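So the structure is just underneath, and the comments pick up after that.
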Amino acid sequence: MTEKLKVSIKNLDVHYGDKQALYNVNLNIMEKEVTSLIGPSGCGKSTLLKCINRMNDLVEICKIRGQILLDSQDINEASQDPVLLRMKVGMVFQKPNPFPKSIYDNVAFGPKLHGMTKSKEELDNVVIQSLSKSGLYEEVKDRLFEPGTSLSGGQQQRLCIARALSINPEILLMDEPCSALDPIATAKIEDLIAELKQQYTIVIVTHSMQQAARVSDRTAYMHMGELVETGLTKTIFSNPQHEKTQDYITGRIG
Amino acid sequence: MTEFLLILIIALAVYGFVLNKSKANALSEVNIMHSQPHYHGLYSAFMTLVPAIILLISWSFIVNMITNITLREFFSDVTDSGLVRFYTDGVIAYVEGTSDRIIDHIGFLPAVEHYQSLQYNNKILQFIVVLTLTLMFFRYSLKFVEVQFKARDYIEKVVVYVMRASAVFAIFVTIGIVLSLLFETLRFFDSVNVFDFLFGLHWSPQMAIRADQVGSSGSFGAVPVFTGTLLIAFIAMSVAAPVGMFSAIYLSQYASDRVRSYAKPIIEILAGIPTVVYGFFAVITVAPFFRDMGAFLSFTNMSSESALIAGSVLGIMIIPFVASLTDDALTAVPRSLKEGSLAMGATLSETTKQVIIPASFHGIVGSFLLAFSRAIGETMIVVMAAGFAANLTFNPFDSVSTVTVQIVGLLTGDQEFDSPKTLSAFALAFVLFFITLILNVISLTIVKKYREEYE
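Printed below as a string of structure tokens:
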């Protein structure tokens, strides 16, 4: 672990209309580590995650106060472009959402969009590399031009990961990436996360405490819009400081 | 007398309803009934009303038949069946007072007398029979108010029959319309060759009625009429497709919920404007505008009934169809796809172009086809704004005519319903019907297919 600060969230308040979703959240995310956000439903995990790539901009009634620093740069400043931010901060969603295009075009989508490749060969390379990184290439190399939706759920999710990796993000946000998958597909994604953290900073929202314990270096426990406790995953699960955290990980709430 | 009978029957039904309901009410005070009191009331009302109405309808049907047969006897020496029909109609009209013409035939006055007495007897007989039977059913229906009586099951059955009858009615009307169109079309093709009609290049349906009239022998080549229709429909689509689609994209992807909640109903109001109003708009506002424009750009041959004017106003009319259906198609695309694309750093317009439109492509095509078939079948706007001269041209500044305009022209005023001129309207209508039917089937299939993709 490098112990280098990648993202720093300071005094973050988020409101949806009259309803406050996050209360004064402070969280540090370290480079090339897996940070998992756990907590009962509706505690604000996904909201916090979506603040990091400004997907909450899409929600009209959403108001954000506080700072989110990415490499010491406030991402919510007027001078910051959400489009460029999202090139740096990729996202994988709860339900696999491949575009209605071929497997190849799904992965080529980002590089084409941002003009990252000069030639067809270069684009082919990016696609193959991204698919290899997400461990899908061997399975789909003979049918790259079939629709992305023809894959199984787990394959679709890995396709979405390949798509996110294709534009070389620095951070990968994963919003319950395994909740729609069976145990075998889940295991594959978890192995993948362990590999990907060599290169990327990963933030993962998960409902499964076992998953958090398996994949993450640090864990943040959230409850009712507040960040209750954060620390090394080992510590949180073996010796939680806070009573609510203990209740949650022992299964008394949530 | 029949009116009085009807009022009596309805009063009886209402009375039966009240009587049974109150009786059942009293019973329900102490018992748990199978059916609620108002079902018992309805049971009596239906038992009184339904047989009476069925009887009345079939009665008038049978009496009509009897009248016709007996009246015909008075004119048994006439051999032409059309003439017999004319005479019997004359008798009926004379007695009913709609005509005072006395037909010069020996059987006429006896027939009138016969019909008068028949009418009088019929009315009395009808009154007595229908009323007696209704009273019997009414009495009968009062006997059943019991705890165990399943009035609500009977009412359920009646409701199902009413709905089934409505559905059957709608289907039969459709079939009837198609068949009547088909038969008239076949009659037309007795006198005009099918291929001459479908592929002929000259349309001029005027025919000489008398032998001494000059010229026109009638020419029924439908090609110019259909090219005119297609030209106008294409102009309409070139207005409606971009405007409708862009407004749908704006409303579904960019507009805030507040804007959307106002804008969408306003656009849909366009669909509720009577087409005759669009006709005014075309003639009073758009035509002078285009003519002045034409003059300004020194197009001297710009007709004030040009295809361009009719087409563009027609296009305005179908904007809401395109906008509304395209909007439905775009909003049906799962939000996760939009988010996925935005999360890749795509802008909203890139997302729309590369993800949302491809994902809803079927729906958009379907909406275009439906709008197109609307444009082809539209009548009032083109009657007011396009001409009657069926020119074979693709120049939008020329005056062209459409199928619907021709049909209106052929069927307004005094017509002989056996001349090819009049019958050609049915042939045109049949072909038009066939085209729009095919377009609708295709577009509905496409729309359905795309709906299934996300469900």
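Going down the list, the sequences are from chains A and B. One gets the numbering used here by counting positions in the first sequence from 1 and adding 890 to each. One gets the numbering used here by counting positions in the second sequence from 1 and adding 30 to each. The beta carbon of each residue, even a glycine, is placed where N, CA and C say it ideally should be. Model, not experiment: these values are computed from the prediction.
For a contact meaning CB atoms closer than 9 Å, what does residue 1000 of chain A contact in chain B?
-> 374, 375, 376
Report yes if the CB atom of residue 1029 of chain A is closer than 8 Å to the CB atom of residue 1045 of chain A, and no otherwise.
-> yes
Using a threshold of 8 Å, state whether the C-beta atoms of residue 458 of chain B and residue 435 of chain B are closer than that.
-> no
Who are the neighbours of residue 987 of chain A on chain B, taking C-beta pairs under 8 Å?
-> 364, 366, 367, 369, 370
Residues of the stretch 947-965 of chain A with Cβ closer than 8 Å to any Cβ of chain B, in chain order = 948, 950
Exposed unless 16 or more other CB atoms sit within 10 angstroms - verdict on residue 392 of chain B = buried
Distance between residue 1101 of chain A and residue 1078 of chain A (C-alpha atoms, nearest Å) = 12 Å
Compare the C-beta of residue 1064 of chain A with all C-beta atoms of chain B and state if any pair is closer than 8 Å.
-> Cβ-Cβ to chain B under 8 Å: no for residue 1064 of chain A.
Does DSSP put residue 176 of chain B in a helix, a strand or coil?
-> coil
Thinking residue 336 of chain B and residue 427 of chain B are a contact (beta carbons under 8 Å), I'd like their distance in whole angstroms, please.
-> 5 Å
Who are the Cβ neighbours of residue 485 of chain B in its own chain at under 6 Å, not counting the five residues just before and after it?
-> The predicted position of residue 485 of chain B is uncertain, since its pLDDT is 42 and thus under 50; no value can be drawn from it.
Which ranges does the alpha helix (DSSP H) cover as unbroken runs of at least 4 residues, wholly within the stretch 295-347 of chain B, from first to last along the chain?
-> 305-310, 317-326
Residue of B:397, B:170, B:390, B:358 minimising C-alpha distance to residue 271 of chain B | B:397
Would the stretch 1073-1093 of chain A and the stretch 1046-1058 of chain A be scored as touching if the rule is three or more Cβ pairs under 8 Å?
-> yes
Check whether residue 312 of chain B and residue 339 of chain B have beta carbons under 8 Å apart | yes
Taking residue 925 of chain A as part of the beta strand (DSSP E), name the residues at either end of that continuous run.
-> 924-928
Look up residue 507 of chain B in the DSSP assignment and say whether it is helix, strand or coil.
-> What is shown of chain B runs 31 to 485, which leaves residue 507 of chain B out entirely.
Which partner residues of residue 1037 of chain A appear in the DSSP bridge assignment?
-> Answer by DSSP bridge pairing, in chain order: A:992.
Less than 8 Å between the CB atoms is what I'm expecting for residue 1172 of chain A and residue 1063 of chain A, so what's the real figure, rounded?
-> Not covered by the structure: residue 1172 of chain A. The range shown for chain A is 891 to 1144.
DSSP beta-bridge partners for residue 89 of chain B?
-> Partner(s): none; residue 89 of chain B has no beta bridge.
Closer than 7 Å by beta-carbon distance: list the chain B residues that pair up with residue 981 of chain A, in chain order.
-> 373
Nearest-angstrom beta carbon gap, residue 1125 of chain A and residue 928 of chain A [assumed within contact, 8 Å] = Actually they are not in contact, since the Cβ atoms of residue 928 of chain A and residue 1125 of chain A sit about 14 Å apart, beyond 8 Å.
Among B:355, B:222, B:219, nearest to residue 279 of chain B - alpha-carbon criterion | B:355
Leaving out five residues before and five after residue 223 of chain B in sequence, what residues of the same chain have Cβ atoms less than 6 Å from its Cβ?
-> A distance below 6 Å between beta-carbons, with the five flanking residues on each side excluded, links residue 223 of chain B to no residue of its chain.
Output yes if chain B places a C-beta closer than 8 Å to the C-beta of residue 977 of chain A; else output no.
-> yes
Since residue 286 of chain B meets chain D, which of its residues come closer than 8 Å, beta carbon to beta carbon?
-> Of the protein chains in the structure, A and B, none is chain D.
Identify which residue in A:899, A:938, A:1132 has its Cα closest to the Cα of residue 1096 of chain A.
-> The shortest C-alpha separation from residue 1096 of chain A is found at A:938.
Leaving out five residues before and five after residue 456 of chain B in sequence, what residues of the same chain have Cβ atoms less than 7 Å from its Cβ?
-> 211, 214, 215, 218
Opening and closing residue of the alpha helix (DSSP H) in which residue 977 of chain A lies = 972-978
How would you call residue 1129 of chain A, buried or exposed, if buried means at least 16 neighbouring beta carbons within 10 angstroms?
-> exposed
Chain-ordered neighbours of residue 477 of chain B on chain A, where CB pairs are closer than 9 Å = Result: empty, since nearest Cβ-Cβ is about 16 Å, beyond 9 Å.
Is the Cβ of residue 1093 of chain A closer than 8 Å to any Cβ of chain B?
-> no
Examine the Cβ distances between the stretch 975-992 of chain A and the stretch 1066-1077 of chain A and report whether three or more of them are shorter than 8 Å.
-> yes
Quick one: using the 10 Å Cβ neighbour count with 16 as the cut-off for buried, is residue 61 of chain B buried or exposed?
-> Note on residue 61 of chain B: under 16 other CB atoms within 10 angstroms of its CB, so exposed under the neighbour-count rule.
Sequence-distant residues of the same chain with beta carbon closer than 7 Å to residue 996 of chain A, five excluded per side = 988, 989, 1038, 1049, 1053
Check whether the Cβ atoms of residue 121 of chain B and residue 150 of chain B sit closer than 8 Å, and answer yes or no.
-> Here residue 121 of chain B is not near residue 150 of chain B, since their CB atoms are 8 Å or more apart.
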